[in-house]
Structure formats: structure tokens, C-alpha cells
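If you read the protein sequences in the order shown, they are chains A, B, C, D, E and F.
Take 1 as the starting number for the first sequence in the working numbering and just add one per residue.
Take 99 as the starting number for the second sequence in the working numbering and just add one per residue.
Take 197 as the starting number for the third sequence in the working numbering and just add one per residue.
Take 295 as the starting number for the fourth sequence in the working numbering and just add one per residue.
Take 624 as the starting number for the fifth sequence in the working numbering and just add one per residue.
Take 953 as the starting number for the sixth sequence in the working numbering and just add one per residue.
Note sheet for the following structure.
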Amino acid sequence: MKPCKRIEIVIEQPLAQRMAKLLATLNAPGYTFIDHAGGSGDRGLRRADEPTGTSTNCVFVIACDDAEITDQIVNGVRSMLTRSGGICLVSDAQWVRH
Amino acid sequence: MKPCKRIEIVIEQPLAQRMAKLLATLNAPGYTFIDHAGGSGDRGLRRADEPTGTSTNCVFVIACDDAEITDQIVNGVRSMLTRSGGICLVSDAQWVRH
Amino acid sequence: MKPCKRIEIVIEQPLAQRMAKLLATLNAPGYTFIDHAGGSGDRGLRRADEPTGTSTNCVFVIACDDAEITDQIVNGVRSMLTRSGGICLVSDAQWVRH
Amino acid sequence: MDALFLSNITSPPLLFFMLGAVATLVRSDLEIPEQVAKFLSLYLLFAIGFKGGVALAESPLDFEVAKGLLTALLMASLVPVYVFYLLRRKMSTADAAATAATYGSISAVTFVTCTSYLDANGVAWSGYLVAAMALMESPAIIIGLLLYRIYQSKEERDQPELMAPGELIRESFLNGSVFLIMGSLIIGWISGPVGKAQISPLVNDLFIGVLCLFLLDMGIVAMRRLQDMRSAERGLSSLGMVSWGIALPLLNAAIAVGLAVLLDLPEGDAVLLIVLCASASYIAVPAAMRLALPEANPSVYLALSLAVTFPFNLLVGIPLYHQAVNWLA
Amino acid sequence: MDALFLSNITSPPLLFFMLGAVATLVRSDLEIPEQVAKFLSLYLLFAIGFKGGVALAESPLDFEVAKGLLTALLMASLVPVYVFYLLRRKMSTADAAATAATYGSISAVTFVTCTSYLDANGVAWSGYLVAAMALMESPAIIIGLLLYRIYQSKEERDQPELMAPGELIRESFLNGSVFLIMGSLIIGWISGPVGKAQISPLVNDLFIGVLCLFLLDMGIVAMRRLQDMRSAERGLSSLGMVSWGIALPLLNAAIAVGLAVLLDLPEGDAVLLIVLCASASYIAVPAAMRLALPEANPSVYLALSLAVTFPFNLLVGIPLYHQAVNWLA
Amino acid sequence: MDALFLSNITSPPLLFFMLGAVATLVRSDLEIPEQVAKFLSLYLLFAIGFKGGVALAESPLDFEVAKGLLTALLMASLVPVYVFYLLRRKMSTADAAATAATYGSISAVTFVTCTSYLDANGVAWSGYLVAAMALMESPAIIIGLLLYRIYQSKEERDQPELMAPGELIRESFLNGSVFLIMGSLIIGWISGPVGKAQISPLVNDLFIGVLCLFLLDMGIVAMRRLQDMRSAERGLSSLGMVSWGIALPLLNAAIAVGLAVLLDLPEGDAVLLIVLCASASYIAVPAAMRLALPEANPSVYLALSLAVTFPFNLLVGIPLYHQAVNWLA
Ligand SMILES: Nc1ncnc2c1ncn2[C@@H]1O[C@H](COP(=O)(O)O)[C@@H](O)[C@H]1O
Ligand SMILES: Nc1ncnc2c1ncn2[C@@H]1O[C@H](COP(=O)(O)O)[C@@H](O)[C@H]1O
Ligand SMILES: Nc1ncnc2c1ncn2[C@@H]1O[C@H](COP(=O)(O)O)[C@@H](O)[C@H]1O
Ligand code: NA
Ligand code: NA
Ligand code: NA
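As C-alpha cells, this is what we get:
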């Protein structure tokens, strides 16, 4: 097991592809996303109920064991969240080597 | 980044709306939910396969940077879980300010 | 609240049932799974878009308060991930008793 | 009886139900995606409601109808009471109350399968029975919870009420499936034959085909629950579960047969009313019970209705009740 | 007017829309699963596109068509401009620009409902209007963003551009729904009556029935947004929102009525063109705005179009515009 | 050949497949929700299985049928063997084995598209070919894994077996799609023309329309995989991938054409059998390979079958094989 950071981002579904592209640019070692999430925050209730996806969220989880890349991801994501809303949490984890 | 608690709750889908209402009452700063989860626990296997949703779970994630509100959420959720089952985990995280 | 480990596993959807069986064998106290996740990693982009499910991932979350069982789960999962890819993260959490 | 019985067993909907059950038995990974399955069930409610409403628009309400609706309401209130008293020594009060509510209510898919069965056998039936079905869905929920509150232990009594009575009644009568049948019935009634002409290809022509696909999924799910039964902890043994799951619909059907003969209902209407009484809910009631009575164990009441009574009614009950009606008429 | 108005109100699609709204009002948990609802909307676009294409293949393009298409484009470019100037003192520049784009664009479901309304009333309409609809979806997005860039504050101007202009135009014209209508239209055109015969059962026979189910869901969603309106923070009060959501389609329709009379369009085509002008987008434009203008608040522009203008057009607008056309012709 | 070829290219299903591919090329966000797409594919299996079964009930099994089924089984066992030997120097043993299994098996959607192509061209075909398709899905899985076990490296041999042989055979033959075709075939056979009358509107009338929608999605997905091909790391270059993905179906088709002529199969049956041999699995086999041979890289075998061979067969292969049959007959 190696120590790593677990980064968790919630963002609107329509921006999911932009986020995926950003993560690739920032050399994230990988990511997992879960579509069709809902939520509530500063910009009100997001029910994940519209056929259009406009009120749906998307959750990204990134495990990153490189401190520099982690910083870059956090900064890149921050400027994206500033304009479009959403949250980003970072926590410590152990990555099981395989 | 500011330190916060990451609260993660798994509960039955039919109770999801009650949980959302509870979180609003307890002044949670926001939450994210993921529908259509399955699981296994004391009350057996929940396959998330029924057209009725009765065997489906729902996952809530709440980031909370206020210790008092965190306590209230944990206590409010605890009494709900006692009767209906499910789990609640609390861990430390850093909330990226934006 | 009791301290526990939060184990999070991302694996391909077709292997989800094998993982569930493995967790049952290893006496995991319970687990939650989220289907229909996508992701990116060593084996390329997984878009979760195929009608066949072959490019879809599945996320498992296990709360475990027994150190020995945690070790067994991590080891059992490791050998599964070695062959099929995916990731496993372990972190600390507090389990709300109810 | 054989001819009738067989005509049921070789009908595509039943065969697809059995195919689903076999898929689970042989551990095939066949599965209808959950959201689609939910939609197929909404479609069936929408279609049967609309058809019933159009039928109501075409034939006026009269004494016959009033008689049928009253009988339906009577049975929906009576069944949960005696089921509760039969079961309450075998299981916890909460489980007995939830099971009573389940059997007092109805299964729309069993009803819908029975209408296709009657159509295939050329037996006429009246549209008002769709209204009867909608009426029978909810009362048992209220009655089951009342019985629970009367007989609950002192300790349970100290727990805070989860739902105010008003909220509970709202929840019972406005459950999605109840609401959709009722709403479609009313819309069918209002828009009548003109509306029917517009949506008949969806509502009528595709009905049996969609029923096949939905029953395929129900076969998969019901057999899974039957398999899970062995591992669940309950007051009842697996054998006890299966016995009750067969005995209860037979008992309810027997009483309903008696009433139908007494009231001299026409053949098709009698069969449908009996099927309503004999069937048990696995949608509206379990959903309401999780909210109002989370102490009750779904691996009792949901397993009984979904894994035992539902297949029993589909495969054996419907032709059996039909036979009984013919024999007694 | 009454007869026409009523013939709209008792049509199944409208009644199911109202049923959905009532379901939300009484807090029923009725809900069409999200993925299925999305698919139903794709089906409607696919079907209307294909039908329009087949109609185009059957009647040649001529001066009439060119006239109609040009008017459509004109209105799609004009509406966002005056809507922006009307709104920009009432709300932030970003919100005004997004709302302008929303109203300059169209709602395919309103259009589709109007075609069923015309069919049910025996009024003919031309296939090229489907092409007009597809053409009108995107220009307003570009115009809205141009207006935003002209009038944005200095501080906003310092923020980096989120999308390059090329990317933006691509995004607007290749949005999934725009692309599907256009593609189906072209395929319908190419495959003509032969292709039509092959897929007519799906595309024609089921159309109104599926529309009912989709409008049921839209009723639920629109009413939820109307309820959420109270709690959202915006530049406008709830009453202000409702007033604008009704005034804007009336204004746009009035101008379109004028143009239709000027150009002497046939009855059905006139009604459809007016409905296109009066309707506001809640799919393509909001999706594009989230990407290109995330500063704009969806609880302004999406709520206006989805929760106010959409129901208004369905329930009141369509028969009203029809009446106006008949009265002025 | 031109007329036939064009009659394929202007058919709606093919055009929608191309529309999907274009949507991905121009980066439109058009997309059929995953659960719905899965359901559409289940529908196609259900419908073709049922139709095949009804056809079987109507025409008795005879020597012709036995001949066809045996040829099908022969090809399903032969193809993976020579494909494996052709490929094993170009890629890892695991990849070669998985690819061999993929090409030995079949693509139900290619088959289904070919039946619509034949129907549209007025060419008759026999229901037993649906049974042939179902029979051909699984054997190649077993054979591919046997070949892998014979030729795997010493190091790989030390890894524990993931699936017991019994489990593996069960998994191969009871894969959801294989099971559904087989089950529907048997149900169609049992319920015969009576059953057909009941569900024909769903199974027959909607078939081509639903095929259009499903192929729209497949066009999107196949083009995405073709685009992803560039970035994936494999033993083969992208150009190598495309070449093999075209060469293999041509080779398999050539052998099948020979056999069909030898056996003197009727036109329609010959074309379908050739299409079965030329097509490659992207559902049952990849699913089984992930379980039994996770070392094999899906961006080899899945990309070959889904992104190259599948479009090739749809757009070029089907009319080409038809032409070859006509030319040699
Ligand atoms: N405190 C929080 N905890 C968990 N999720 C949150 C929180 N705040 C916001 N979110 C998620 O982020 C989305 C956008 O947040 P906002 O921009 O604050 O409206 C919400 O819909 C939630 O899904
Ligand atoms: N140890 C655990 N780890 C993760 N999820 C759990 C655990 N125990 C229970 N759950 C989740 O909580 C749901 C209800 O749990 P229970 O009330 O124990 O049956 C289960 O279906 C799981 O989704
Ligand atoms: N660093 C990472 N962070 C989060 N998820 C990951 C990471 N790496 C891999 N994954 C997930 O695990 C799946 C399989 O990973 P791999 O075997 O590396 O292709 C990917 O599709 C992702 O969903
Ligand atoms: Na009953
Ligand atoms: Na407009
Ligand atoms: Na093949």
C-alpha cells in the first residue's frame, strides 16, 4: 500500500466531459466517475430528474500519489468550480498496490 | 482548503426524500446523493433490481465544516438509521475553497 | 462512533458478482455498490456507454472495523485486481453506531 | 379444467415469466435494466387505467357497478383484519401488520395478466373493475397500521410516530402507481373513444407484448427473492413462508368466490374480483411500509407476496379461480 | 374559440401533462425514470424529424418553403435581441443573455404537441416546418452570447473565455437534439415513402401515445420547477417570473402572427410558425449555456421556459394562436 | 451489384447507423441512455428469437435444417482455430485466443439487420437460422480458452484458474443474450401462430423502427471505439487493426460462401449463414472473456469486432455476400 490523496469532485453533468479533459491534461493517473447524481448546495436543489440532464450532477473520484500532480489538479479544478459551482474534497488514503 | 468532515450515509431509496428533508432541517451546508445503489448488510442482500425500488439503496455524501452542525447531522441520522437500517461513516477531509 | 477502515474498490461491471461473492467469503460485515460508473486508468478510457456493459465499472464501498478482516479483504481484492485491473483505496473513518 | 389450464400455460406472457424464473435458476445473467423495468410497469398501469376509463365512458355506471365496487372495498378492509389475526402469533406484530396490508391490497400485474387471460379465452369483463383495483390498493395500508398501533408492544409505543396520520393517508392514496391508474382511468373516461383512437396503438396493440417483457423481468426477480428466502432470518421457516404464501390467496379467493356467487356477478367480472382479492401488493404497500413501519421486515412481507403468491396466482390461481367460477355458476 | 380551446384541453396529451402537474402538487411519488424520459424525448425528435423529411420528399421545395424558412430564421435572430434589451435592467447581464437565447430558440415538444393538435383538428401543415424548427434551435445561442460579450461588465471581461468561438458554434449546432432532428429529417428525405412504410408503426402509430407519457413526465418536472421557484434567489420575484414567462411568448407570438398574415401563410403553417416563435428552449439552450455561460443562473432562464412558458403554450397558447390566425385570416 | 448495394445504403437502419457515426465524428453529444440501449438490444433478441420460433413451428424440421445447423456448428468450431493460428504471432496468446473466440461467435445485430435487408429485398429465409445463430454464440468461447491453455506461457500457467470448466461452460451457454434468444425461440415454437397474433404488433411491426434507434446508438459507440483505437496500446497498429478487422470477415465469409454453394442452400439462408460466419461477437464473448481471461485486452478483441468488423459487415459485407451468393448460384 502506498499513501495517496483521494480527490472527490461534484460538478454538473454538462461539464463532465470538460472535467475529464482537464484531468487528462493535468496528468491525473486515472479517475472514476459516477453519473446521474443529484444534490443541493448554494445554487439550490438539483433533483437529477430532468430528461435534459441540466439538473444532474456527476461525481469524480481521483486517487493520486504524486503531491505535485495533486496540487495541479486541485488548482485546475478550483478555477473551474469558481465559475460553475460544485465542490471538491481531498482526503488521505492508502492505495493498494497490485 | 479548509478542514471538514465528510459524512457518508447509505439508506434505502424509499427513505431518500425523508433524509433530504432531515438534512435541510439540520442546516447541512449541502449534500450529494447517488441513487440506484445496492448493497448487503444486516438486513440481507439488496440487489437494486426491483422495478419498485424497494430493494435499492441511496448514498448521501455531505461535506460539513461546522463541528456543531456535524454533530447534529450525525445524531439526527443515527436515530433514523436505528429504525430503518443503513450505515453512516464520518471521515476527515479538506474542502477546496473556490 | 467506532473507528473503522473505509475500503473503496473500482472494478469492471462484469466482475461485480465475483467481487460480491469474494466479499461474502471474506466475511465483510457488509458492502454498498454503485453500478454504471465509468473511468479512466491504465487500460484506457471506460465510457460506461456500451449496451453490453463491457466498458462499465462498478464501485464497492466497505466499512470494516475488524483489522484482520480488513487485511483479508485487501489481500483477496489485490489478487483479483492484479489480473483484471481496477483500484482499491483504504482510508480511516468513524462508523456511527446505531 | 385441463384445456383452460393449458391455455394459460402456453400463453406467451406466462411462458416469459417462467423463462425469467429459469434464467435465475440456471444463474444466467439475463436482466432487464431497472429503470426500463420500472417504466414497463408504469406503462402497464397507464394502459390498463386508460382502457378501463374508456370502457367506463362507453358503459354507464349502474347498480351492477356499485355492487362490484362496494364488494371490492369490503374485501380490501376485511382481508387485512383476518390476515393479521391469523399471523400475529407466527411473527412480530410489525411483520404481521405489514403482511396483512400486503394481502389486503392488490397486484396490478396479476390483474393485468388476468385480463389478457380472459381476452384470450373470449370472456368479457367490465371496465369498472379497473376502478375497483385502484380503490383496493390503499385502504389495507391504513388498516394494517391501525392494527399495528393497537397491538404494538409498550416499548414500541414509546418510539416517536414516523408519519402523521394525514401524511400517511396521503402517502397511501397518492403512491405513484395508485395515482397513475386513477389518473389514466379518469383521462380515459374524459377523452373516451376519440382519445382511444389516438393512443390505441400504444395502449392496446402493444399491451401483451410489453406484458411479456415485464413478466420476464418479474420471473427473474421473483425467483431471486425465492432463493434469498433461505438465507434470510425471519419468524417463519422457508417452508412456512411458501405454505402461507399459497394458503392466503386460496383463503381470500375462496371468500371472494362465495361473494361473487352470492352477488351473481358475470363470469369475467367475478374472476377479476377474485383475482384482486387473492393477489397481494408488491409495489404500493411495501413502499408505504418502508416509510411508515420500517421495523417490519421486507424479507417477510415482500418475499411472501412477490416470491410466492405472485407466481402462484399467475401460474395456478387464475385458471383455478376461473374454473371455480364456472363450476359454481 | 371555446370549442377549439376545449378540443385541446380534452386531448390525452394535455390531460396527461396536467396529471403530471397534479402528481407533483399533491406530492405523489409518481416519476418516469430519468433515462427513459430522455429516451422518450429522443424518440419524439426522431419521429418528428423523420416525418418531416418524408413530407419534404413528397412535396418539392418551392418559394413558399423558402419564405417560411427565411421568416423562421429572421425571428430566431430578432427575438433574442429585443428580449435581451427588455430584460437587461431587470436581471444580471448573464441572465438576460441566457434568457434571450432561450426565447429565441424553440421547444420541440411544444411544436410536436401542436402538430398533434392540428392533426386532431384536421388542419394540414407542411413538412418543411420541421426543418424550420431545426434551423431555429441554434442561432439564438450565438446571438445571446454576442450580446453578453458586448454588455458584460469590466470585471467579467477579465475572466478567460470558456469556449473558443468555433467550439461554441459547433456546440450550438451539434447539440444532440438539434443533430437528431436534422439527421432524421435528412434520412426521412432520402428514404422517402419506402423508408416510411418500414418504420411507420413506430414513428406514426405510437406517436401520440408516447407524447402522452412524455408530457406526463414534463408535467411533473415543470411543476417541481414552479415550486422550487419560490425558494430560489434571483433578480426577479416569483410573480415577476410568472409575468415574464407569459408576457414573452405573447409578445413573440403577436409579432409572428403579424408576419404570418403579411406573408399569407396557410393556416396550419402559420400556427406552427407562431408556436415556434412563442416557445422557448429548455433542452439545447440550457445545455449550451451551462458550458458557455456558467455565470448565468439556470433558476432564471430554465425556470422561465420550463415552468412557465412551456405549460402556458401547451394549455393556452396553442389554441389561442390558432384562434388568432383564424380571426385575422 | 449497384442496385442491391444502394438498396442497402438507403435503408433507414443503415442511415441511422451512419448518423450515429457522424454524431461522434462531429463531437455531437447525442447519446441513447445506456439502460435504454441495453433494453433495445434485448428487444431485438426477444423479437428475432420469437419470430424464428414461430417460423420453426410453421415449417417442420427436416434434412435441410439439420444440414444448415451442422454447418453452423462446424464453422463456429473451425473459425476460432484458424483465426487463433493466424493471429498468435501478431499479439499475445491471451489476445489471440480472445479474438479467435470473438470471430468464431456471431453478432446478433448484424444477423438481425441482414434479415431486414432480405425482407426489404423480398428474399425468403428460414426460421431455423435463428436457432443456428443461437447455437453459434458459445462454442467459440470454449475453443478459444482451450487454445489459450494449450499455448499459454509457463508463467501464465502458474496463475490459478479463474473459472472451473463447468462454470465456464455454464457461463458461455447461459449468457443473457444467448439465453434470451434461445428462450424466445422455444416460446415462439410452443405458442406458435396463436402466440404470434398476440404479440405481433410489438415483435413485427416495430422491429425495423427499433432497429434504427439501436443502430443509431451502435454507430455512436462503434465510432467512439474507432477513435479510441489510436490512443490504446496494443500489439497491433491502428492500421493493422483495421486491416485485420476487414480481412477476417472476408476470409470467414469466403469459406462460408464455399460451404453454402457446396450444400446448395437457398439464397436467403445462404446469405444469413455467411453473415453469421463473417460477423464477430461484441456482447456474449467479451463478457465471457472478461471473466475467464481478464489478461486479454478488450481494446484488441472488442475494438476489432465492434469498431471495424461490425460496421464493415453492415455497410459493405451484407450486400457483398448477397452478390457473391447470386453470382455463384
Ligand atoms: N456541503 C456539500 N456536501 C456535499 N455536496 C455538496 C455540498 N455542497 C454542494 N454539494 C454538491 O455540489 C453541487 C453544486 O453545489 P453548489 O455549486 O453549491 O450549488 C450540489 O448540487 C451538490 O451535489
Ligand atoms: N459494512 C458496510 N459497509 C458498507 N456498506 C454497508 C455496510 N453495512 C451495511 N451497508 C449498507 O447499508 C445497507 C443497509 O444495511 P443494513 O441495515 O445493515 O442491512 C446495505 O444494503 C449496504 O448498502
Ligand atoms: N488513479 C485512479 N483514480 C481513480 N480511479 C481510478 C484510478 N485508476 C484507475 N481507476 C479506475 O479503475 C478502472 C480500471 O483501472 P485500470 O485497471 O487502471 O484501467 C478505471 O476505469 C477507473 O475507473
Ligand atoms: Na388482495
Ligand atoms: Na422562440
Ligand atoms: Na463468426
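Positions of the beta carbon are idealized from the N, C-alpha and C atoms, including for glycine.
Please read all numbers here as calculations on a predicted model, not as lab measurements.
Scanning the stretch 813–885 of chain E from its first residue to its last, the whole alpha helix (DSSP H) runs of 4-plus residues come out as 830–852. Less than 8 angstroms divides the Cβ of residue 114(B) from the Cβ of residue 156(B). Shown in chain order are the residues whose CB sits closer than 6 angstroms to a heavy atom of ligand 1: 10(A), 39(A), 40(A), 41(A), 42(A), 43(A), 46(A), 57(A), 85(A), 86(A), 87(A), 127(B), 128(B), 129(B), 130(B), 159(B), 160(B) and 161(B). Taking a contact to require three or more Cβ pairs closer than 8 angstroms, the stretch 1039–1048 of chain F and the stretch 1204–1222 of chain F do not qualify as touching. The stretch 268–279 of chain C and the stretch 462–476 of chain D do not touch, with fewer than three beta-carbon pairs separated by less than 8 angstroms. For residue 1163(F), the CB contacts under 7 angstroms within the same chain, skipping 5 residues up- and downstream, are 965, 996, 1064, 1065 and 1068 in chain order. Of the residues 861(E), 704(E), 639(E) and 914(E), the one whose Cα lies closest to the Cα of residue 770(E) is 704(E).
At a cut-off of 8 angstroms between beta-carbon atoms, residue 906(E) makes contact with chain A. Contact of residue 612(D) with chain F is not assigned, every C-beta pair being separated by 8 angstroms or more. For residue 1056(F), the shortest separation between its Cβ and any heavy atom of ligand 6 lies below 7 angstroms.
At a cut-off of 8 angstroms between beta-carbon atoms, residue 922(E) makes contact with chain A. DSSP, reduced to helix, strand and coil, places residue 952(E) outside both helices and strands of the structure shown, so it counts as coil.
In summary, the residues of the stretch 242–254 of chain C whose CB is separated from some CB of chain A by less than 8 angstroms are 244 and 253, in the order they occur in the chain. Residue environment for residue 885(E): exposed (fewer than 16 other C-beta atoms within 10 angstroms of its C-beta). Classified as buried, residue 419(D) has 16 or more neighbouring CB atoms from the shown chains inside 10 Å of its CB. Distance check between residue 689(E) and each of 776(E), 791(E) and 752(E) places 752(E) closest, using alpha-carbon atoms only. Taking the Cα positions, residue 52(A) is about 41 angstroms away from residue 370(D). Secondary structure at residue 8(A): strand, using DSSP grouped into helix, strand and coil.
Taking 9 angstroms as the cut-off between beta carbons, the residues of the stretch 1173–1190 of chain F near chain C are 1173, 1176, 1177, 1180, 1183, 1184 and 1185, in sequence order. Residues of chain D whose Cβ lies closer than 7 angstroms to the Cβ of residue 988(F) are, in chain order, 330.
With a 10 Å radius around the Cβ and a threshold of 16 neighbouring Cβ atoms, residue 777(E) comes out exposed. Secondary structure note for residue 75(A): its alpha helix (DSSP H) is the uninterrupted segment 67–84. Distances from the CA of residue 672(E) to each of 632(E), 815(E) and 881(E) were compared; the closest alpha carbon is that of 815(E). Rounded to the nearest whole angstrom, the CA to CA distance from residue 563(D) to residue 1172(F) is 50 angstroms. For residue 865(E), the CB contacts under 7 angstroms within the same chain, skipping 5 residues up- and downstream, are 931 in chain order.
With a cutoff of 7 angstroms, residue 571(D) counts as near ligand 4, since its C-beta is closer than that to a heavy atom of the ligand. Cβ-Cβ distances below 7 angstroms link residue 911(E) to 764, 794, 795 and 798 in the same chain, with the five nearest sequence neighbours on each side left out; the list follows chain order. With fewer than 16 neighbouring CB atoms inside 10 Å of its own CB, residue 524(D) falls in the exposed class. In this structure, ligand 5 has a non-hydrogen atom nearer than 7 angstroms to the beta-carbon of residue 702(E). Nothing from the stretch 352–371 of chain D brings a Cβ to less than 8 angstroms from some Cβ of chain F. The C-alpha of residue 1036(F) lies about 16 angstroms from the C-alpha of residue 1090(F).
When Cβ pairs closer than 8 angstroms are counted between the two stretches, the stretch 31–51 of chain A is seen to touch the stretch 127–142 of chain B, the count reaching three or more. Collapsing the DSSP output to three states places residue 965(F) in a helix. Of the residues 923(E), 825(E) and 804(E), the one whose Cα lies closest to the Cα of residue 863(E) is 923(E). Counted as a single uninterrupted DSSP element, the alpha helix (DSSP H) harbouring residue 363(D) occupies residues 357–381. Taking a cut-off of 8 angstroms on C-beta distances, the stretch 201–210 of chain C does not touch the stretch 1133–1148 of chain F, as fewer than three cross pairs fall below it.
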